[in-house]
Amino acid sequence: MTESIAKGWVRVFITGMVISFLGCLPLGTLNIAAMQIAINQSVENALLFSLGALTAEMIYVRLSLVAMDWVRKQEKIFRMLEWLTLLIIVALAVSSLYAAMHPQQGRNVILNNNLPSYILGLSMSALNPVQIPFWFGWSTVLFTKNVLKPQAAYYNTYIIGIGLGTMLGNCVFIFGGRLIASKIQNNQSLMNYVIGGVFVITALIQCWRMFVKKKDIGAKLHETEEGMPNA
1 MTESIAKGWV RVFITGMVIS FLGCLPLGTL NIAAMQIAIN QSVENALLFS
51 LGALTAEMIY VRLSLVAMDW VRKQEKIFRM LEWLTLLIIV ALAVSSLYAA
101 MHPQQGRNVI LNNNLPSYIL GLSMSALNPV QIPFWFGWST VLFTKNVLKP
151 QAAYYNTYII GIGLGTMLGN CVFIFGGRLI ASKIQNNQSL MNYVIGGVFV
201 ITALIQCWRM FVKKKDIGAK LHETEEGMPN A
């Protein structure tokens, strides 16, 4: 019996880690920000930023598992967070492009500030509501497949796996970004243009979600209403 329980914990840990790792690989605000911090500041600051980001993510996942009904009802909050996310992405894009056009400065003033890297990552991740329906959806699937069970031990193991997966995914960008930067040491402006371009594309995608697709976070959460058992 104990062996069976341990296998269940290992399974949900690995599943959460793999989903989180793969979910971090597409270009996004947080992983690109971590990469830019690694390039312009240090790997240590980028890792602290990522640690802050995954802390907020783990809190969101835990909240979604134990307070699903309450979270679903906060549609106005999610709408506000979507606007804040868009503003942050636009600010990051403008700051990166400004740094590219002013090589003597060479740094994104949004990311290069006096705020501790951990707090910056925590804040930016907390203001990013896209991850909420992502984890609602995956948690629903895992409950349905009986991989995730409504027990505190399963929840905690699942969340630890998610945190590790997020950190590993961000490390791909952190160390990959440093490697790329080392190859183009004499063209920092090019790197800032590329990163700024990614932020511009991300902002356009966010606008499409909000104004064209017109499917906000609250609507996505309601799609997962079935299949999530009470904790």
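Okay, so the sequence shown: first residue is 1 according to the numbering used here, each after it adds one. A virtual CB, placed ideally from N, CA and C, is assigned to each residue, including glycine. Just so we're clear, the structure is a prediction, and the values are computed from it rather than from any experiment.
Check, Outcome
"Under the assumption that N45 contacts F173 (Cβ atoms under 8 Å), give the Cβ distance between them as a whole number of angstroms.", "Not quite, the Cβ-Cβ distance comes to about 14 Å (not below 8 Å), so this is no contact."
"Comparing C-alpha positions only, which one of L127, A153 and S123 sits nearest to L48?", "S123"
"Counting Cβ pairs, one atom from each stretch, are 3 or more of them under 8 Å apart for the segment 145–152 and the segment 116–131?", "no"
"From what residue to what residue does the alpha helix (DSSP H) around L142 run?", "Q131 to T144"
"Just verifying my parser: in three-state terms, what is the DSSP assignment at K7?", "helix"
"Helix, strand or coil for I14? Go by DSSP, reduced to three states.", "helix"
"Going along the chain, which residues of its own chain have a beta-carbon closer than 8 Å to the beta-carbon of V43, five neighbours each way excluded?", "I174, F175 and R178"
"Are the CB atoms of V10 and I159 within a distance shorter than 8 Å?", "no"
"Considering just the uninterrupted stretch of the alpha helix (DSSP H) at L48, what are its terminal residues?", "V43 to V66"
"Can you find the residues in the same chain that come closer than 8 Å, C-beta to C-beta, to M35, ignoring five residues on each side of it along the sequence?", "A46, F173, I174, G176, G177 and I195"
"Considering only residues of the same chain and omitting the five flanking positions on each side of V12, which have a CB-CB separation below 6 Å?", "V147, L148, Y154, T157 and Y158"
"Tell me whether M233 is buried or exposed, calling it buried when 16 or more other Cβ atoms sit within 10 Å of its Cβ.", "This structure cannot settle anything about residue 233, because the visible part of the chain is limited to 1 through 231."
"Which residues bound the alpha helix (DSSP H) around K183?", "A152 to K183"
"Between V198, N192 and S50, which lies nearest to A100 when the distance is taken from Cα to Cα?", "N192"
"Determine the direct distance from the alpha carbon of T29 to that of L97, and round the result to whole angstroms.", "15 Å"
"In terms of alpha-carbon separation, which member of I39, L120 and G137 lies closest to L54?", "L120"
"By the DSSP assignment, the alpha helix (DSSP H) with L120 in it spans what residues?", "S117 to A126"
"For W138, tell me which candidate among I205, L84 and G23 has the shortest Cα-Cα distance.", "G23"
"According to DSSP, is V212 helix, strand or coil?", "helix"
"For a test of the three-state rule: what should DSSP assign to L97, helix, strand or coil?", "helix"
"Going by other Cβ atoms of all chains shown within 10 Å of its Cβ, with 16 needed for buried, is W135 buried or exposed?", "buried"
"Three-state secondary structure (DSSP) at V90?", "helix"
"What would DSSP say about N230, mapped onto helix, strand or coil?", "Confidence in N230 is poor, its pLDDT being 45 and thus under 50, which makes the residue's placement too unreliable to answer from."
"Do N40 and N114 have their C-beta atoms closer together than 8 Å?", "no"
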